[in-house]
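In the working numbering, the protein residues as written are 7 to 131.
Positions of the beta carbon are idealized from the N, C-alpha and C atoms, including for glycine.
All figures in this text were calculated on a predicted structure; none of them were measured in a lab.
Worksheet for the structure shown next.
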Amino acid sequence: MTQLQALVQCKCPRCRKGNMYKHSLFSFKYDEMHEFCPKCRLRFEIEPGFFWAAMYVSYAFNVAELVTTGIIAAQFLGENEIWWLIGIVLSPILVLMPFNFRYARVVLLHFLSPIRYDKSYEKSK
Ligand SMILES: [Zn+2]
7 MTQLQALVQC KCPRCRKGNM YKHSLFSFKY DEMHEFCPKC RLRFEIEPGF
57 FWAAMYVSYA FNVAELVTTG IIAAQFLGEN EIWWLIGIVL SPILVLMPFN
107 FRYARVVLLH FLSPIRYDKS YEKSK
């Protein structure tokens, strides 16, 4: 499994086999995470409060979504429709909240933590 596949499927950054989350992105329990990787027993929260740093990643996601939506919406709205623009621009924050929450932690663990892929876990079940 490539790193991109592991990232998209929210797999453990060390073994790329174990799921980080207990439920689907589209579940109401989208935020429930395994404490340890079900395959290699890596503790995902490598130190207390580690996932607070995911807020910065989530912030970057939100800014990118706001700017993109704002640029697209501004093309279709007039100058007097500022409240429509604000409503449209803020809607991705709510709609994409589960996505942002999960992938902020995934990106944090895959790219911004000292955990690296370990091939020795490749053959383990
Ligand atoms: Zn693992």
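Less than 6 angstroms between the CB of residue 125 and some heavy atom of ligand 1, yes or no?
no
Inter-stretch contact (C-beta, 8 angstroms, three-pair minimum) for the stretch 40-55 and the stretch 65-78:
no
What does DSSP give as the partner residue(s) for residue 17 in the beta ladder?
Per DSSP, 25.
Taking the alpha helix (DSSP H) that residue 116 belongs to, which residues open and close that run?
103-117
Do you know offhand how far residue 22's Cα is from residue 9's?
8 angstroms
Would you call the stretch 93-112 and the stretch 122-131 in contact, with 3 or more CB pairs under 8 angstroms?
No, the stretch 93-112 is not in contact with the stretch 122-131.
For residue 39, which three-state DSSP category applies?
strand
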